[in-house]
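Presented below is the structure to which this report refers.
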Ligand code: TXA
Ligand code: MG
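This is the structure:
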């Protein structure tokens, strides 16, 4: 990394539109041990070929992430998993047929070809087949699984735009592939198949109920998993504080807005008429209040969530007041991310 006279780093990453030539170029970069950020349907990933151990180490350096945290290995639809996972079980087949390509990561015993550098030293591996067309083309062209955490600095909000990746990692990586905005907007559901009962390690767009319907057996919900002490300390998304913008995040029902005394610039984000009306009233009273209205569907809130949290930082807001969602299963993933953003 070189620096300017002012001491600020030069941006080095090439931001590439996803033409076939650029995708080929990025696949070659991955094969030769370079890092490539790319879009998926959940969030942008920071990729390295699993066979390139120097590049795997580079992921941890670029993110500032502890190296014992395991990475998710991404594969193309129909990829041969032999050697990458220990065994293709009937349960895996059912879930892969139902949800791949898509936002579901399976944690399963690793195969002998999967390096321990990818799995954080564990004998299990997280594996997923993304559905974003650019990710699929890139994975097909690369020909080996691509380890990719979210392309943000450790502890920060996951990126849902190439511009987010450029801002956080542009001085640390050579290539950023652009592509359509992620449809899902929050990280994949992670289900562990390591014990008799499948368990949700991280909630996401695919719910425990959907998995139960496919497998025909009960699935341990994320709520149950997180009640067991140290049950999944290796999931960095399970750290209390994660997915945080610089602004302080508060999650509040509409009824509590009226009583607030606001001094700092505040972004209010909600979807019910009641919340938005209360937020407007705050704006009239305190001036420096911005109001952002989202659609009231959990999937739409998830899709907009991270860009909205980043916007608070871009607008130099000191705090974000986020409408408290319902406590039903369809809101579980959004509630989980909001809880961590506000911790
Ligand atoms: O949607 C996603 O999953 C995105 C996109 C880029 O695919 N990726 C992502 O990666 O969210 P990351 O590294 O930010 O989160 C992956 C999570 C981590 O919390 C990690 O600890 C967990 O997956 N994980 C991976 N392998 C695991 C394993 N063998 N056992 C337990 N947890 C595992
Ligand atoms: Mg992450």
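Numbering (the numbering used here), first residue to last: 241 to 583. No residue lacks a Cβ here, since even glycine has one placed at the ideal position from N, Cα and C.
Cβ pair count under 8 Å reaching 3, the region 362-372 against the region 445-453: With the rule of 3 Cβ pairs closer than 8 Å, the region 362-372 does not count as touching the region 445-453.
Spatial neighbours of residue 567 in its chain, beta-carbon cut-off 8 Å, leaving aside the 5 residues before and after: As a working note, residue 567 is residue 327 in the chain shown. So the qualifying residues of the chain are 575.
Within 8 Å, strictly: CB atoms of residue 422 and residue 548: Taking the chain shown and counting its residues from 1, the one referred to as residue 422 is at position 182. Taking the chain shown and counting its residues from 1, the one referred to as residue 548 is at position 308. Not closer than 8 Å, so no.
Distance cut-off 7 Å: residue 574 Cβ against heavy atoms of the ligand TXA: For the purposes of this step, residue 574 is identified with residue 334 of the chain shown, where counting begins at 1. If you check the C-beta of residue 574 against the ligand TXA, you find no heavy atom less than 7 Å away.
Classification of residue 323 by the beta-carbon crowding that lies within 10 angstroms, buried from 16 upward: In the chain shown, the residue the question calls residue 323 occupies position 83. Flag for residue 323 reads exposed.
Buried versus exposed, by CB contacts within 10 Å (16 or more), residue 565: Here residue 565 corresponds to residue number 325 of the chain shown, with the count starting at 1. It counts as buried.
beta-carbon residue 584 near the ligand MG non-hydrogen atom, thresh 7 Å: The structure shown does not extend to residue 584, since the chain is modelled only from 241 to 583, so the question has no answer here.
Reduced DSSP secondary structure (H/G/I, E/B, other) of residue 562: For the purposes of this step, residue 562 is taken as residue 322 along the chain shown, with counting starting at 1. Under the three-state reduction of DSSP, residue 562 is assigned to strand.
Where residue 526 falls: helix, strand or coil (DSSP): To locate residue 526, count along the chain shown from 1; it is residue 286. Annotated three-state conformation of residue 526 is helix, per DSSP.
Cβ-based burial, residue 418 [other Cβ within 10 Å; buried from 16]: As a working mapping, residue 418 is identified with position 178 in the chain shown. In this structure residue 418 is buried. Its beta-carbon is surrounded by 16 or more other beta-carbon atoms within 10 angstroms.
Rounded C-alpha distance that separates residue 259 from residue 493: Counted from its first residue, the chain shown places residue 259 at position 19. Counted from its first residue, the chain shown places residue 493 at position 253. So the two alpha carbons sit approximately 45 Å from each other.
Given residue 454 as reference, the closest of 300, 331, 414 and 384 once Cα atoms are compared: Counting from 1 along the chain shown, the entry for residue 454 is found at position 214. Out of 300, 331, 414 and 384, 331 has the C-alpha closest to the C-alpha of residue 454.
Of the residues 457, 295 and 276, the one placed nearest residue 402, counting alpha carbons only: As a working note, residue 402 is residue 162 in the chain shown. Closest by alpha carbon: 276.
Residue closest to residue 572, alpha-carbon to alpha-carbon, out of 458, 358, 426 and 349: Taking the first residue of the chain shown as position 1, residue 572 is located at position 332. It is 426 whose Cα lies nearest to the Cα of residue 572.
Touching by the beta-carbon criterion (3+ pairs, under 8 Å), the region 310-322 and the region 379-394: The region 310-322 is in contact with the region 379-394.
Status (buried if at least 16 other CB within 10 Å, exposed otherwise) for residue 495: To locate residue 495, count along the chain shown from 1; it is residue 255. By the neighbour-count rule (16 or more Cβ atoms within 10 Å), residue 495 is not buried but exposed.
Cα-Cα separation, residue 443 to residue 357: Position 203 of the chain shown holds residue 443. Position 117 of the chain shown holds residue 357. Cα to Cα, the separation comes out at about 25 Å.
Per-residue burial, residue 525 [other beta carbons within 10 Å of its own, 16 or more giving buried]: Within the chain shown, residue 525 is the residue found at index 285, counting from 1. Result: exposed.
Residue 359: CB within 7 Å of a non-hydrogen atom of the ligand TXA: Taking the chain shown and counting its residues from 1, the one referred to as residue 359 is at position 119. Residue 359 Cβ: within cutoff of the ligand TXA.
Test item: CB-CB of residue 507 and residue 530 under 8 Å: As a position in the chain shown, residue 507 is number 267, starting the count at 1. As a position in the chain shown, residue 530 is number 290, starting the count at 1. Yes, Cβ-Cβ distance for residue 507 and residue 530 is below 8 Å.
Start and end residues, alpha helix (DSSP H) containing residue 580: For this step, residue 580 is matched to residue 340 along the chain shown. Counting along the chain, the alpha helix (DSSP H) containing residue 580 begins and ends at 572-581.
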